[in-house]
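Chemist: Could you have a look at this structure, given as C-alpha coordinates, before my questions?
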Amino acid sequence: MHSVLGDHREAHMFCAQAVVFNQEIGDGHAEAGAWDSLGRAHHCLGEYAQAGAVTCADARSREGVYREIRSVRRYADSRHG
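Numbering (the numbering used here), first residue to last: 73 to 153.
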(Lines of atoms letter the chains of each structure in order from A and count residues from 1; the text may use other names and numbers.)
(Lines give C-alpha, C1' and ligand atoms only; values in the text may rest on other atoms or scores of the structure.)
Protein backbone atom coordinates (compact mmCIF):
# COMPACT_ATOMS: atom_id res chain seq x y z
CA MET A 1 0.00 0.00 0.00
CA HIS A 2 2.82 2.41 0.85
CA SER A 3 4.41 1.85 -2.53
CA VAL A 4 1.12 2.57 -4.29
CA LEU A 5 0.99 5.85 -2.37
CA GLY A 6 4.53 6.68 -3.45
CA ASP A 7 6.25 6.05 -0.12
CA HIS A 8 8.71 3.47 -1.41
CA ARG A 9 11.10 3.70 1.58
CA GLU A 10 8.25 2.89 3.95
CA ALA A 11 7.13 0.06 1.65
CA HIS A 12 10.67 -1.30 1.62
CA MET A 13 10.83 -1.35 5.42
CA PHE A 14 7.50 -3.15 5.83
CA CYS A 15 8.20 -5.64 3.03
CA ALA A 16 11.57 -6.55 4.53
CA GLN A 17 9.85 -7.17 7.87
CA ALA A 18 7.19 -9.26 6.14
CA VAL A 19 9.85 -11.45 4.50
CA VAL A 20 11.46 -12.19 7.87
CA PHE A 21 8.14 -12.75 9.64
CA ASN A 22 6.86 -15.15 7.00
CA GLN A 23 10.15 -17.06 7.02
CA GLU A 24 9.86 -17.41 10.80
CA ILE A 25 6.32 -18.79 10.68
CA GLY A 26 7.03 -20.96 7.64
CA ASP A 27 4.49 -19.39 5.29
CA GLY A 28 6.25 -19.82 1.96
CA HIS A 29 3.39 -18.41 -0.09
CA ALA A 30 3.24 -15.17 1.89
CA GLU A 31 7.03 -15.01 1.94
CA ALA A 32 7.13 -15.18 -1.86
CA GLY A 33 4.62 -12.35 -2.06
CA ALA A 34 6.67 -10.27 0.37
CA TRP A 35 9.82 -10.85 -1.72
CA ASP A 36 7.91 -9.72 -4.81
CA SER A 37 6.74 -6.53 -3.09
CA LEU A 38 10.24 -5.88 -1.74
CA GLY A 39 11.66 -6.17 -5.26
CA ARG A 40 9.07 -3.72 -6.53
CA ALA A 41 10.00 -1.24 -3.78
CA HIS A 42 13.69 -1.50 -4.72
CA HIS A 43 12.82 -0.95 -8.37
CA CYS A 44 10.72 2.12 -7.59
CA LEU A 45 13.64 3.53 -5.58
CA GLY A 46 15.94 3.07 -8.58
CA GLU A 47 17.89 0.33 -6.78
CA TYR A 48 17.96 -1.99 -9.76
CA ALA A 49 20.75 -4.33 -8.60
CA GLN A 50 18.95 -4.96 -5.32
CA ALA A 51 15.67 -5.43 -7.17
CA GLY A 52 17.33 -8.12 -9.29
CA ALA A 53 18.75 -9.89 -6.25
CA VAL A 54 15.36 -9.83 -4.54
CA THR A 55 13.71 -11.20 -7.68
CA CYS A 56 16.07 -14.19 -7.49
CA ALA A 57 15.16 -14.73 -3.82
CA ASP A 58 11.48 -14.50 -4.75
CA ALA A 59 11.95 -17.15 -7.44
CA ARG A 60 13.71 -19.49 -4.98
CA SER A 61 10.95 -18.94 -2.42
CA ARG A 62 8.23 -19.67 -4.98
CA GLU A 63 10.06 -22.80 -6.13
CA GLY A 64 10.02 -24.02 -2.53
CA VAL A 65 6.26 -23.48 -2.36
CA TYR A 66 5.72 -25.30 -5.66
CA ARG A 67 7.98 -28.17 -4.54
CA GLU A 68 5.91 -28.51 -1.36
CA ILE A 69 2.66 -28.54 -3.35
CA ARG A 70 4.00 -31.24 -5.68
CA SER A 71 5.08 -33.31 -2.68
CA VAL A 72 1.64 -33.09 -1.07
CA ARG A 73 -0.04 -34.00 -4.36
CA ARG A 74 2.22 -37.04 -4.81
CA TYR A 75 1.44 -38.16 -1.28
CA ALA A 76 -2.31 -37.73 -1.81
CA ASP A 77 -2.12 -39.60 -5.10
CA SER A 78 -0.26 -42.49 -3.48
CA ARG A 79 -2.90 -42.74 -0.73
CA HIS A 80 -5.91 -42.56 -3.05
CA GLY A 81 -4.50 -43.72 -6.36
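Beta carbons are placed, not taken as given, at the ideal position from N, Cα and C, and that holds for glycine.
Since the model is a prediction, treat every value here as computed from it, not as a measurement.
1) Have a look at A102, F93 and H84 and flag the residue whose alpha-carbon is nearest the alpha-carbon of G111.
2) May I have a chain-ordered list of the alpha helix (DSSP H) segments no shorter than 4 residues that lie completely inside the region 77-113?
3) Are the beta-carbon atoms belonging to A106 and A125 less than 8 Å from one another?
4) Restricting to Cα atoms, I'd like to know which of Q122, L117 and Y147 is closest to R81.
5) Between the C-alpha atoms of E119 and C87, what's the straight-line distance to the nearest angstrom?
Modeler: Working from what's here:
1) Along the sequence shown, read from residue 1 onward, the residue named residue 111 stands at position 39. The shortest C-alpha separation from G111 is found at H84.
2) 80-97
3) Working through the sequence shown from its first residue, we reach residue 106 at position 34. Working through the sequence shown from its first residue, we reach residue 125 at position 53. Cβ atoms of A106 and A125: not closer than 8 Å.
4) Numbered from its first residue, the sequence shown carries residue 81 at position 9. Among Q122, L117 and Y147, the Cα nearest to that of R81 is on L117.
5) Within the sequence shown, residue 119 is the residue found at index 47, counting from 1. Within the sequence shown, residue 87 is the residue found at index 15, counting from 1. E119 and C87: Cα-Cα distance of roughly 15 Å.
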